[in-house]
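Chains as they are written, first to last, in the numbering used here: chain E, 1 to 376; chain S, 1 to 410; chain L, 1 to 300; chain A, 1 to 263. Quick reminder that beta carbons are idealized off the backbone N, C-alpha and C, glycines included. Report on the following structure.
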Amino acid sequence: MKSALKKKLFVTAVALSFALTVPVATIAGDTIKFGVAGAQSGDLASYGIPTVKAAELVVAAYNAKGGINGKKIELLIEDDVCKPEVATNTATKLVTDGVDVVLGHICSGATKAALPIYKEAGVVVMSPSATNPGLTQSGDYPNFFRTIASDDAQAKTEVDFAINVIGAKKIAVIHDKGDYGKGLAEFAKTFVEQSGKAEVVLFEGVTPGAVDYTAIVQKIKRKGADTVIFGGYHPEASKIVSMMKKKRMNLNFISDDGVKDDTFIKVAGKNAEGVYASGPQDNSTNPVSIAAIAAHKEAYNEDPGAFYENAYSAALALLNAIEKAGSTDMAAIVKALQNEKVETPVGNINFDAKGDAVGVGFAMYQVRDGKYVEVK
Amino acid sequence: MFPLKELKRSALIALWFAFLTFPIMVIKVDPIERTVEWRWDNMFFIALGSFVISILSKVYLIRKERRAGRKKGNRSITEPFMQRILREPRFLYPLSLAVLVFALSFPYLFSTYQTNIMTTALMYVVLGLGLNIVVGVAGLLDLGYVAFYAVGAYSYALLNMHFNMGFWAVLPIGGLFAAFLGILLGFPVLRLRGDYLAIVTLGFGEIIRLILENWNDFSQGPSGIANIARPGFFGMDMSFAGGITYIYYLVVGLVIVTIFVVNRLQNSRLGRAWLALREDEIACQAMGIDKTKTKLVAFSLGAFWAGLVGVIFAAKTTFVNPASFTFLESAIILSIVVLGGMGSIVGVIFGALILILMPEYLRALSEYRMLAFGGILVVMMVFRPEGLISNVRRSYQFKKQSSGQASDRS
Amino acid sequence: MDYFIELFFGGLTRGSIYALIALGYTMVYGIIGLINFAHGEIYMIGAFTSFIVATVLSIYGFPVLAIVVIAGLAAAVWSASYGFTIEKLAYRPLRKAPRLAPLISAIGMSIFLQNYVLLAQTSDFLPFPALIPEFAFMEPVAHIVGSSDLVILVTTALVMIGLTFLIKFTKIGKAMRATAQDKTMAVLVGINVDRVISATFIIGSALAAIGGLLIASHIGQINFYIGFIAGIKAFTAAVLGGIGSIPGAVLGSLVLGLTESFATGYVSSDYEDVFAFSLLVLILIFKPSGLLGKAETKKV
Amino acid sequence: MSEAILKVSGLTKNFGGIKAIDNVDLDIRPGEIVALIGPNGAGKTTFFNCLTGIYTPSAGDIRLCNPKSGLKTKLNGMKPNKITEKGMARTFQNIRLFPTMSVLENVMIGRHCRTKAFILGAIFRNPATRREEEEIIEMSYDILKKIGLHKEVNEEARNLSYGAQRRLEIGRALATEPFLLLLDEPAAGMNPKETEALVRLIRQICSEGHSILLIEHDMKLVMSLSDRIFVMDYGKKIAQGTPEEVRSNPAVIKAYLGEEVDA
């Protein structure tokens, strides 16, 4: 508790000192400026703070080795509260401060808003968590990379699992009307329809934070669904799951990365039992991952939070690319990212031409006895 | 000396707050691990803090009373400092000029980041001035102002995406769309009074946001529209920093135009009718003012500014999604108007700069900044309920003898 | 038909949930004409207090019934204290201020309280213990009306009856009505208006706290943000029913809950809120002071 | 004698089951000062509110005839602002000025329905708008001089004395250029000196071509000022005629005496 507070004060002090720094004073060349952007306050802070911690640990390790090519790495940490309009300010600030590469942003919307700014400034950006397919597939952002698979890949995993493994025939696709959840749900719907082996009996959004989900649950029942695919985050998922139990319904519930979170199990309690969720592949046997988690435990005395491994991997990949490229020039870094493989907690990866990490995918998990267990 | 009685009172207040905040501040439970953490130190800080604050506020009140006692009777002479500056052209003009020079040289004095933040703040100045017409001048409580802002932003985003229309072409269109929507909405709801109007406009704001969120074919839903073109300048290609500076000047220009227009409107036949409407609707009608028409004009003019700023918002952010247009946004714009001083142009400018820049500079407080924001809002209202700067009404001078020779100054 | 009944009861429960919060809104509005935006936060604090107390008690091994009673009382006491304090700090000094000043103060208070709980507790969702047991006799109809639905429905009905009784027949209730009608006259006939307003906030807040406990137990989770969304809906319901009127608040809530339920069931939950707000606009256009609100007589 | 400028026939107004006004006829001829009297609660103000469009009459007919143009209009169901435009303006029993606007601006509001400048005019201040604005100011100032408030042009209306506020209401109504002016208890709360000045003012206004209908409780004022008097009680018209006729009318005496006995 105490150390966490100290940490916060430290981060605050750092952020403040950056805020007061006039950009003219910074002369390019003495350090490599490594930006970290994402939600560090507000209701989505829990998704952004682990990324900051990962960056701090990786950078500290690099600096302890003497930096890259003799240059020390300097962290520039900026909060965007996951809001697009704030993200443009954050990006502007980082660019003004002469950032070389950026780890972030956390949310897809904020990332989309910020990317053009980085693009114009020639800054490579790598997100640990922005999963919107358009970010890479549109081809609009040659400077963008990510260490997480995109929503469509995730939806594909979920749908394949639903149809081929549990043999779903009638699927209700529900989402939370959000950027992430709705995007995912739309892909799921398309994939189910394409498969021809099952039908989508219901496609609807629920209002996040609504006091009661009885009506939608009754509707799922009425449509005769045997399986629910939910796109969104854990609070709504646990409300729907609990409501289904209350209404004595026993359906397969498949959800996503936003639900594959221990908080879901904590909140939904025994109602969580049997719920399936897709999540990043299990890296628990990967030595780099073990080391990364150990480093976090040592520094903060707790388990890492959401997207920690992805962020850790992104930081490693970025710094490795700078090292291999021997410069912070965008073209050189991009080339290095695409060609040089690097050992990270999410595997031995490089990036494809669009910016997605090769070999990073999803696996399915199920809640059994209060824990997520991978379903093979 | 500070009376003992007051000390006792402050001690009681401290006790009360210690009790009040006890469950939330002191106890922290982990329902999974089934552990309880008792944070008694928090109780101590709360008690100490409320004791000190209560004493300080009492001291403030006592001093204020003393001052008021001394000043009784000559209130009109000691006009508030700001009021005097605003009333006297010989102060006002040089001051405005200085502000203008500062505003114009801002991008050269500060970093691109600061310029960007200032651009945002100035956009809120325009939003505030627009809402000021509706709420401050005409007295119509609008809690869904953000809807018009969204209309402007999406006008540009969609027209740019589908028809590749440029910023300058859409700027007036966005404003007019918003104004038109204002009329459309205003027609049925403007006969509602006060707080009923407030909740209906709030609902309307939510409806617009929900439509943008759910109607994918139209608005691309929650994932929003990206890659919106920045404003062009005779086809010139601009660097990133150049683009920011350009938008900054554009917004400064818009602020100047807005101030000019709003000022003229306020001091016109229409502006007087709005004010009269705010003060007494029935008397207003009895004086031959068409209530519905006058309200509609105020409503749609306010919406027009929101639409304009919306277009600029889309161009500046190059990305729009429905999440930017929540009720909180309306509440913040409304706070700008009320905090600055209803109906006062200078007040609204101050209000916008304070409320928008404050959270940026409160970043040092990191997670405490929204707490501080809420607290400051309450404190400011309690101490200055009529706003920072109240509106200065125009006065008229007549030469003693002849009736017709009217000269006026604003 | 079964589906209709299911949706009907679903809507009824939802409406009752709104009603428990809407009553506080309507009482405060009726007496001082203020949209108390912080009321949703009071409800949230009530839910948090009962969460904390219930969890602590269950860790120390108290029996369920004792937990329910103590947690409910604690929530009511603390929420009432918050309501009382907020009125004194943020609204009372503004009683003679311009009309919008208290509204902004309320919005500020709402933001403040949200962040206060966020910082003092957590931003995470927390599992709320199931304080309402599953009644065995409800099992045959559990797929339509659950035990918690039943408890919420009954509580709302009791609260409404109790409140109507309080306002109609008790001394404080009469003083409230007098104050609501004409503050100056109330003072003249010897009513302590400050006291009455405080009492209104205390009662309204305590009700919100009970709502907080029941609703959180029904949903099974809480976080610092629940008050805002529920608050907006409850306020809509209060206006729909005619703000200032107690049966109006309940009727408005039920109408809103049923509308949302049927809209989801027969149309789409995508536009659930659009239906809710459109209904509000429509009703106000044809009945400008809500379903049961007294038409404002123009006095000239 | 020329045609009546206001002709009310069979006017009735129900509130729920109560007849606040029951089948009342009334007419006013050009240049007249007519008084409407009656005990408290007789329905006089309700009658005014029906005439000026604030209430919609339940039955009956209200016709206004402009003495200059001869234009006739049926007022039933018209909006208050339209009625004012037609040439009938009023004051209020419980003063309804625009409290935080200046004295001059209060009168300027009265000019609203006789002027045109709109959004574009306000923004660009073209010559026509500027001229119009000057005319508004000029005329408003003239009215202020007439009612003796020209020294307080920039004072906020709420800061005026009670009598001055009543006069300002009359001035504001005059600014709408009415041919018929409705005054609701103009002398209420005035001291004798102020009342005297008011009587002079009303006479002057009348001599300038405005007809006047007034509600008043001050019998001395009513008797000395009015050409004709209408008496109402319990929503019904119980008498009408010259001051002398009314004074000796037994029904009127009964209504007033009855009231006195009750009080």
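Alpha helix (DSSP H) segment containing N106 of chain A, residue limits: V103 to G110
Closer than 7 Å to chain E by CB, D270 of chain L: yes
Within chain S, the residues that I54 of chain A reaches when beta carbons sit closer than 7 Å: Neighbours of I54 of chain A in chain S, taken as residues whose beta carbon is under 7 Å from its own, are I282 in chain order.
Pick from E:G98, E:G269, E:G305 and E:D80 that is closest to T328 of chain E, judged by C-alpha positions: E:G98
For F91 of chain S and I77 of chain S, the rounded distance between their alpha carbons: At I77 of chain S the pLDDT is 42, less than 50, meaning the model places this residue with poor confidence; the figure from the coordinates comes in the next sentence. Going by the C-alpha atoms only, they are around 17 Å apart.
Neighbourhood of A225 of chain E by C-beta distance below 7 Å, restricted to the same chain and skipping five residues each side: K170, I171, A172, V201, L202 and L251
Identity of the residue in S:G136, S:L190 and S:V59 nearest I389 of chain S by Cα: S:G136
7 Å Cβ cut-off: residues of chain S touching F118 of chain A: L270
Anticipated Cβ contact below 8 Å, Y308 of chain E with M364 of chain E, distance rounded: Going by Cβ atoms, the distance from Y308 of chain E to M364 of chain E rounds to 21 Å, so no, they are not a contact pair.
Range covered by the beta strand (DSSP E) that runs through S278 of chain E: Y276 to P280
Chain-ordered neighbours of G374 of chain S on chain L, where CB pairs are closer than 9 Å: I107, G108, M109, S110, I111, F112, L113, Q114, N115 and Y116
Own chain partners of S261 of chain L with C-beta closer than 7 Å, once the 5 adjacent residues on each side are dropped: Contacts found: L7, G10, G11 and R14.
Short CB-CB distance (under 7 Å) between D195 of chain S and chain L: So, interface residue.
T78 of chain S, DSSP secondary structure in three states: Caution applies to T78 of chain S, whose pLDDT of 45 falls short of 50 and renders its modelled position unreliable; the value that the coordinates give is listed next. In the structure shown, T78 of chain S sits in coil (DSSP, three-state: anything other than H, G, I, E or B).
Residues that DSSP places opposite A292 of chain E in a beta bridge: Under DSSP, A292 of chain E shares a beta bridge with no residue.
Under 7 Å by beta carbon: chain S residues contacting Y82 of chain L: L20
Reduced DSSP secondary structure (H/G/I, E/B, other) of I212 of chain A: Three-state DSSP puts I212 of chain A in a strand.
For M232 of chain A, the three-state DSSP class (helix, strand or coil): Strand at M232 of chain A.
Listed by chain order, chain S residues near V53 of chain L by CB distance under 7 Å: Chain S residues near V53 of chain L: P23.
The segment 49-56 of chain L / the segment 284-292 of chain L touching (three or more Cβ pairs under 8 Å): no
Outcome for H162 of chain S when other beta-carbon atoms lying within 10 angstroms are tallied against a minimum of 16: Using a 10 angstroms sphere on the CB of H162 of chain S, the tally of other CB atoms stays under 16, which defines it as exposed.
Test: M108 of chain A CB closer than 7 Å to a CB of chain S: Residue contact check for M108 of chain A against chain S: a CB pair falls below 7 Å.
Burial state of G73 of chain S, where buried means 16 or more other Cβ atoms lie within 10 Å: For G73 of chain S, the predicted structure reports a pLDDT of 47, less than 50, and the residue's modelled location is therefore unreliable. A value from the coordinates is still provided. Exposed, by the Cβ-count rule.
Residues bridged to L181 of chain A [DSSP beta-bridge criterion]: A:A89 and A:I212
CB contact below 7 Å: R75 of chain S versus chain L: Confidence at R75 of chain S is low in this model, with a pLDDT of 45, below 50, so the placement of that residue should be treated as unreliable; the coordinate-derived value is given next. Answer no: the Cβ-Cβ gap between R75 of chain S and chain L never drops below 7 Å.
Delimiting residues of the beta strand (DSSP E) encompassing L251 of chain E: Premise fails: L251 of chain E is in no beta strand (DSSP E) and is neither H nor E.
Cutoff 7 Å: M101 of chain A Cβ touching any chain S Cβ: yes
G70 of chain E classed as buried or exposed, judged by whether at least 16 other C-beta atoms fall within 10 angstroms: exposed
For P31 of chain S, the residue or residues it bridges with in DSSP: According to DSSP, which records beta bridges pairwise, P31 of chain S is partnered with nothing at all.
CB contact check: K33 of chain E to chain S, cutoff 7 Å: no
Any C-beta of chain A under 7 Å from that of R209 of chain S: no
Cβ of G288 of chain S within 7 Å of any chain A Cβ: The beta carbon of G288 of chain S sits closer than 7 Å to some beta carbon of chain A.
Whole-number beta carbon distance between A87 of chain E and A121 of chain E, since they are thought to touch under 8 Å: Wrong, their Cβ atoms sit about 14 Å apart, outside the cutoff.
Alpha carbon of K324 of chain E to alpha carbon of V259 of chain E, nearest angstrom: 37 Å
CB contact check: A331 of chain S to chain L, cutoff 7 Å: yes
Buried versus exposed call for T112 of chain S [16 or more other C-beta atoms within 10 Å across all chains shown]: buried
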